[in-house]
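These notes concern the structure reproduced below.
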Amino acid sequence: MSILRNDLQVALNNLHVALIASDEDYRDAAEFVSDSAVKELFMQLAESRQVLEKSVAVAIRASDDLPSVPDPDRQTGQHLLQRLEAAFSADQTVEVIEQRLAEESQLEQLLNDDDMSVIDKEFPSLRSECKASIKEAKEKLERAKAG
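For what it's worth, numbering that gives the first Met the number 0 labels the leading residue of the sequence shown as 0, then goes sequentially.
Shown next as C-alpha cells:
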C-alpha cells in the first residue's frame, strides 16, 4: 500500500464514502418517518447500498488500498439539518423522500463524473451496478412519493 493514492484508488474511495453516506442516510431517514411502508422502503434501499459498499470495499482492497469512511461529524450535522427541514415541512414524509431523491441525483452525478471512468478498466461492472441501483431507488422513491 502506498501513501499516495492513484486515480483508481481515489475514485473507488470517493464512491465508497458516498455509498456509506447513502446507506446511513437511508437508515437515519427510516428512523424519522412515521409511514411504515416508506420506513420499510428506506431500509431496503439501505440494504442494497450496503451490498454495493461491500463490493466497492473489495475493489479498493484489490487495488492495494484501504477503504475510507465518511466524516461522522459531518454526517451527524447533515442528518440534523435534514430532520429540521422535514419537521417544518407540510408533509414530512414527502420532504424526506425528496431529500433522498436529491441524494440519489448527487450519487448519480458522482458516478457520471469523468474522474470515475477509471473504475471501468479494472472493475467493468461496478459503475453500471451502482447506476442500476440508483435508477431502481429513484423509481421506488417516486412511486412512494406519489402515494
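Every residue, glycine too, gets a C-beta built ideally from N, C-alpha and C.
Candidates the options: closest to residue i by CA position
i      : options              : result
Gln105 : Val57, Asn12, Lys137 : Lys137
Ile118 : Leu14, Met42, Leu3   : Leu14
Asn5   : Ser62, Phe122, Arg73 : Ser62
Val55  : Glu46, Phe122, Glu30 : Phe122
Asp24  : Gly76, Leu65, Asn12  : Gly76
Expected contact under 8 Å - CB spacing of residue i and residue j to nearest Å
i      : j     : result
Lys139 : Leu40 : 6 Å
8 Å Cβ cutoff met for residue i and residue j
i      : j      : result
Val37  : Ala131 : no
Ser67  : Val16  : yes
Met115 : Arg99  : no
Asp22  : Glu52  : yes
Three-state secondary structure (DSSP) of residue i
i      : result
Asp72  : helix
Ile2   : coil
Leu65  : coil
Val32  : coil
Asp113 : helix
Asp24  : helix
Range of the contiguous alpha helix (DSSP H) that encloses residue i
i      : result
Ser124 : Run containing Ser124: none; DSSP gives neither H nor E here.
Closer than 7 Å: residue i CB and nearest the ligand FMN heavy atom
i      : result
Ala136 : Questions concerning the ligand FMN fall outside what the structure shown contains, since it holds no ligand whatsoever.
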